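Peer 1: Read top to bottom, the protein sequences are chains F and L.
Each residue of the first sequence is one higher than the last, beginning at 253 in the working numbering.
Each residue of the second sequence is one higher than the last, beginning at 253 in the working numbering.
2 protein chains.
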Amino acid sequence: MCIFVSEKTIMKLAEAKEKYVQTWGMLASNWGINRTMAMVHALLLASGKPLSTDEIMEALMISRGNANMNLRDLIGWGIIRKEIIRGERKEYFVAEKDIWFLFKQILKERRKREIEPVISSIEELRTIDEKGPETDEFIKLMSDMLNVTSKINNIMDLAIKSDEHWLLGKITNLIK
Amino acid sequence: MCIFVSEKTIMKLAEAKEKYVQTWGMLASNWGINRTMAMVHALLLASGKPLSTDEIMEALMISRGNANMNLRDLIGWGIIRKEIIRGERKEYFVAEKDIWFLFKQILKERRKREIEPVISSIEELRTIDEKGPETDEFIKLMSDMLNVTSKINNIMDLAIKSDEHWLLGKITNLIK
DNA sequence: TTTAATTTTCAATAAATTTTGAAAGTTAAA
DNA sequence: TTTAACTTTCAAAATTTATTGAAAATTAAA
Numbered sequence: 253m254c255i256f257v258s259e260k261t262i263m264k265l266a267e268a269k270e271k272y273v274q275t276w277g278m279l280a281s282n283w284g285i286n287r288t289m290a291m292v293h294a295l296l297l298a299s300g301k302p303l304s305t306d307e308i309m310e311a312l313m314i315s316r317g318n319a320n321m322n323l324r325d326l327i328g329w330g331i332i333r334k335e336i337i338r339g340e341r342k343e344y345f346v347a348e349k350d351i352w353f354l355f356k357q358i359l360k361e362r363r364k365r366e367i368e369p370v371i372s373s374i375e376e377l378r379t380i381d382e383k384g385p386e387t388d389e390f391i392k393l394m395s396d397m398l399n400v401t402s403k404i405n406n407i408m409d410l411a412i413k414s415d416e417h418w419l420l421g422k423i424t425n426l427i428k
Numbered sequence: 253m254c255i256f257v258s259e260k261t262i263m264k265l266a267e268a269k270e271k272y273v274q275t276w277g278m279l280a281s282n283w284g285i286n287r288t289m290a291m292v293h294a295l296l297l298a299s300g301k302p303l304s305t306d307e308i309m310e311a312l313m314i315s316r317g318n319a320n321m322n323l324r325d326l327i328g329w330g331i332i333r334k335e336i337i338r339g340e341r342k343e344y345f346v347a348e349k350d351i352w353f354l355f356k357q358i359l360k361e362r363r364k365r366e367i368e369p370v371i372s373s374i375e376e377l378r379t380i381d382e383k384g385p386e387t388d389e390f391i392k393l394m395s396d397m398l399n400v401t402s403k404i405n406n407i408m409d410l411a412i413k414s415d416e417h418w419l420l421g422k423i424t425n426l427i428k
């Protein structure tokens, strides 16, 4: 069964969707995201309708366990959700279509999971009870790290909290 | 031999440096960067003096091939450089100490390697010669993607080109 | 209740990535 | 030149990460 089109096979569109799913999966792996997870997400985004686990398994040719696990993870990232279809026992899934929201959601999660731990870890490393020039140098390094990391943290925070147009306007002004 | 301190073992500092190298290696893997590469970088950053391949091999207990390969990659990222020490035949390596520069350099490389290909790939996917509501929907999705990705690209560009204090000032204003 | 459909778990397996180490390649001093 | 110190390469091995599939758990209808 073809997931993508409702009737009459429109090859060009199906091809583009196929390619999109593949491309997205490839790119995601650069960013420490599991390839299959990215592909499941792209599939849901491109499909335009809720899909069941079985449909996802078939479209991506992956096992039930794999599909289930990646769907759970995507829900954990807050970028897909279950959708109940009346008269159906199966669970269906849909991806949030708002791309700006998607971007903010990913940024939010990565900030929480990856930036915050860096900050506390660096803060801890600054507390050395030895004296000496080498210690001073190391503490200076940690302070510089903390300084830049905090700035990144602030920028992420700004983006997460901002409305798309507001941020775009501000940034555009800065670029000019 | 201990790489970190010149004389008398100052345990607390050495411990902190050790922990820093380990922590940084761990965190890097979240971002799709090889663990050893991050550790080599952290070691150079923390050591405060140029290190030879042999010293790095010993400190991190890694093979010559591994050390060599990761040093080449770090040079490719533009965040470490060779340093010639007079009277020495061996090559020595140092890490750029300016953390803001480091951040910008990484951003610059990742933008080039990962964001630019995404943009061209999405642009290509928008060219579908079929008509129909499903095609329109997909083209809309690709346009939204392109829109957000271009914004991210612009923000990265802004950060890369900016001086630390200038950017900080602007962002601080936005946050207020 | 039972029963059957569906989801979840997880040990075993497969795939991808990283690391090793020794041989080949370079380079500079003798 | 030769020689020896040093660097690079790369196929094989080790390690890490992802995937499978079948059994266990859960859920809702009968």
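Here a beta-carbon is modelled for each residue, glycine too, at the ideal position from N, C-alpha and C.
All values derive from a computational prediction rather than experimental measurement.
1) Whose C-alpha, out of 288(F), 320(F), 364(F), 335(F), is nearest the C-alpha of residue 312(F)?
2) Please list, in chain order, all residues of the same chain as residue 397(L) whose beta carbon is under 7 Å from its beta carbon, the five residues on each side excluded.
3) Below 7 Å CB to CB, which residues in the same chain sit around residue 389(L) once its five sequence neighbours on both sides are set aside?
4) Using a Cβ-Cβ cut-off of less than 8 Å, list which residues of the segment 277-291 of chain L approach chain F; keep chain order.
5) Closer than 8 Å between beta carbons: that is the criterion. Which residues of the segment 373-405 of chain L meet it against chain F?
6) Three or more C-beta pairs under 8 Å: does that hold for the segment 353-365 of chain F against the segment 405-414 of chain F?
7) For the segment 356-367 of chain F, which residues have a CB atom closer than 7 Å to at least one CB atom of chain L, in sequence order?
8) Going straight from the alpha carbon of residue 387(F) to that of residue 314(L), what length do you get?
9) In angstroms with no decimal places, state the Cα-to-Cα distance between residue 418(L) and residue 353(L).
10) In chain order, which continuous runs of the beta strand (DSSP E) of length 3 or greater are located wholly inside the segment 341-374 of chain L?
11) Would residue 269(L) and residue 298(L) qualify as a contact pair, given that the criterion is a beta-carbon distance under 7 Å?
12) To be precise: take each residue of the segment 341-354 of chain L, compare its Cβ to all Cβ atoms of chain F, and keep it if any distance is under 7 Å. Which residues remain?
13) Thinking just about the alpha-carbon of each residue, which of 401(L), 340(L), 323(L) is nearest to the one in residue 372(L)?
14) So is residue 336(F) buried or exposed if we call it buried at 16+ other beta carbons inside 10 Å?
15) Do residue 309(L) and residue 294(L) have their beta-carbon atoms positioned less than 7 Å apart in this structure?
16) Give me the residue from 406(L), 383(L), 370(L), 380(L) with the minimum Cα distance to residue 283(F).
17) Measuring CB to CB, does residue 296(L) end up less than 7 Å from residue 327(L)?
18) Distance check for residue 349(F) and residue 393(L), CA to CA, integer angstroms please.
19) Use the C-beta contact count for residue 379(L): other C-beta atoms within 10 angstroms, 16 or more gives buried, fewer gives exposed.
20) Please give me, in chain order, every unbroken run of the alpha helix (DSSP H) with length at least 4 that falls completely inside the segment 262-316 of chain L.
21) Mind checking who residue 334(L) pairs with in its DSSP beta bridge?
22) If you draw a straight line from the C-alpha of residue 305(F) to the C-alpha of residue 342(F), how long is it?
23) Between the Cα of residue 266(F) and those of 377(L), 403(L), 406(L), spot the shortest distance and give me the residue it belongs to.
24) If you draw a straight line from the alpha carbon of residue 273(L) to that of residue 280(L), how long is it in whole angstroms?
25) Does any residue of chain L bring its CB to less than 7 Å from the CB of residue 268(F)?
26) Consider the Cβ of residue 305(F): report whether some Cβ of chain L lies at a distance smaller than 7 Å.
27) Rounded to whole angstroms, what is the Cα-Cα separation between residue 408(F) and residue 292(L)?
28) Does DSSP classify residue 383(F) as helix, strand or coil?
29) Answer yes or no: do residue 277(L) and residue 290(L) have a C-beta to C-beta separation smaller than 7 Å?
30) In whole angstroms, what is the alpha-carbon distance linking residue 368(L) and residue 395(L)?
31) Return the chain-ordered list of same chain residues with a C-beta closer than 7 Å to the C-beta of residue 347(F), the five sequence neighbours on each side being excluded.
32) Does any residue of chain L bring its CB to less than 7 Å from the CB of residue 265(F)?
33) Among 364(L), 302(L), 321(L), 316(L), whose alpha-carbon lies nearest the alpha-carbon of residue 334(L)?
34) Within this structure, are the beta carbons of residue 264(L) and residue 381(F) separated by less than 7 Å?
Peer 2: Checking against the coordinates, here is how it stands:
1) 288(F)
2) 374
3) none
4) 279, 281, 282, 283, 284
5) 373, 377, 380, 381, 382, 384, 386, 387, 389, 390, 393, 394, 396, 397, 399, 400, 403, 404
6) yes
7) 366
8) 26 Å
9) 14 Å
10) 344-347
11) yes
12) 351, 352
13) 401(L)
14) exposed
15) no
16) 370(L)
17) no
18) 8 Å
19) exposed
20) 263-282, 287-299, 305-312
21) 345(L)
22) 8 Å
23) 377(L)
24) 11 Å
25) yes
26) no
27) 28 Å
28) coil
29) yes
30) 15 Å
31) 293, 296, 297, 331, 332
32) yes
33) 302(L)
34) yes
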